[in-house]
Amino acid sequence: MINFLRGEVVSILRSHNKRIMLVLEVNNIGYEIQIFSRFAREIEAKEIKSLQIFTHLQIRDDQQILYGFMSTAQRDLFRQLIGVSGIGVQSAIALIDTLGLEDLVQAIVTGNIKMLSKTPGVGQKTAERIALELKTKLSQWRIEAGINVNQERVSPPADILADLEMTLLALGYTNDEIQQAISVISQDNILLKNTMVEEWIRRAISHLSADIN
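First residue of the sequence shown: 9, per this note's numbering; consecutive thereafter.
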């Protein structure tokens with residue numbers, strides 16, 4: 009089992025099926041590793057040339073696939089997710105990529121089915137199964153992994169959230185980008201008291217524009 013790899017970033021390849029592959033050179037060998045879009049954006053934005061990546065090896069029939077993670081906690085959560093009945097590798101990746109590590113753990117521990125269901129390909133029944141099977145496990149695991157989960161975190165009102173998501177989608181942002189932006193701006197306690205959807209939209213666009221730049 010390969011626990012981690014440390015080497016030089018050669019390239020990041022994006023396939024037609026939206027999978028992202030990192031080519032990492034380690035001791036003159038090029039490893040092809042599937043990574044998250046969040047991870048890829050960070051590598052590109054910071055122009056990272058060398059890194060250490062934690063891996064999970066999947067062997068199926070005559071195919072071996074390496075999946076790469078930013079931390080051991082992210083990899084551990086991935087392994088917990090694929091252990092849930094009906095959750096495949098791509099669904100687990102989509103969950104972590106859409107919500108991020110802390111928000112995903114928060115959603116599972118607090119049983120936030122609505123948040124889990126925002127992930128492409130994850131319906132309500134699947135979200136309920138994830139929460140049911142992992143809530144107790146992650147409640148203890150998050151403490152051991154040093155992940156802070158606020159049980160009482162407040163989310164934007166449902167009507168504002170719906171209008172915000174609809175507007176951002178119409179502007180061409182992806183669901184992944186939208187959920188990441190909402191996660192960040194929702195940490196502003198002053199904004200949470202604001203009932204003007206226009207301000208939420210302005211803040212989200214400002215965050216997304218800054219992220220791109």
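Backbone N, C-alpha and C define an ideal beta-carbon position, used for all residues, glycine too. Small disclaimer: the values here were computed from a predicted structure and weren't measured.
Would you kindly work out how many angstroms separate the C-alpha atoms of residue i and residue j, rounded to a whole number?
i	j	result
Val18	Thr118	40 angstroms
Ile10	Leu74	9 angstroms
Gly94	Thr134	8 angstroms
His215	Ser194	12 angstroms
Gln82	Ile151	14 angstroms
Val192	Leu177	17 angstroms
Phe44	Ala139	22 angstroms
Leu32	Arg210	38 angstroms
Ala115	Asn197	19 angstroms
Asn25	Ile56	25 angstroms
Asp69	Ile41	18 angstroms
Asn65	Leu30	Here the sequence assigns Leu to residue 65, which means Asn is not the residue at that position. Taking the straight line joining both Cα atoms gives about 15 angstroms.
Phe77	Glu206	36 angstroms
Ile20	Glu110	25 angstroms
Val113	Arg46	17 angstroms
Val130	Glu173	17 angstroms
Gly180	Glu136	30 angstroms
Thr175	Glu50	25 angstroms
Pro164	Thr106	17 angstroms
Give me the residue from the options with the minimum Cα distance to residue i.
i	options	result
Ile28	Gln148, Gln60, Ile101, Ala170	Ile101
Lys143	Leu85, Ser214, Asp70, Gln188	Leu85
Ile37	Phe47, Gly15, Ile56	Gly15
Pro128	Ile104, Leu146, Ile168	Ile104
Lys145	Leu89, Leu65, Pro164	Leu89
Ile186	Gly108, Leu199, Glu141	Gly108
Ile121	Leu112, Asp111, Gln132	Gln132
Ser217	Ala189, Glu141, Val205	Ala189
Leu59	Leu169, Pro165, Arg137, Val34	Val34
Met204	Asn183, Ile213, Gly180, Asp171	Asp171
Ser125	Arg87, Leu179, Asn183	Asn183
Thr13	Ala48, Val97, Pro165, Thr63	Here residue 13 is Leu; the residue named in the question, Thr, does not match the sequence. The option with the nearest alpha carbon to Leu13 is Thr63.
Which partner residues of residue i appear in the DSSP bridge assignment?
i	result
Phe76	According to the sequence as given, residue 76 is Gly; it is not Phe. Gly76 is bridged to Thr63.
Ser58	Glu16
Arg68	Gln71
Leu21	Met29
I'd like the span of the beta strand (DSSP E) that includes residue i, first residue to last.
i	result
Val34	28-34
Ile37	37-43
Can you list, in chain order, the stretches of the alpha helix (DSSP H) that have 4 or more residues and sit fully within the region 123-200? DSSP assignment within the region 123-200 yields the following whole alpha helix (DSSP H) runs of 4 residues or more, N-terminal first: 132-152, 166-178, 183-193, 197-200.
Ordered list of alpha helix (DSSP H) runs contained in the region 78-111, each at least 4 residues: Whole alpha helix (DSSP H) segments, 4+ residues: 80-90, 97-107.
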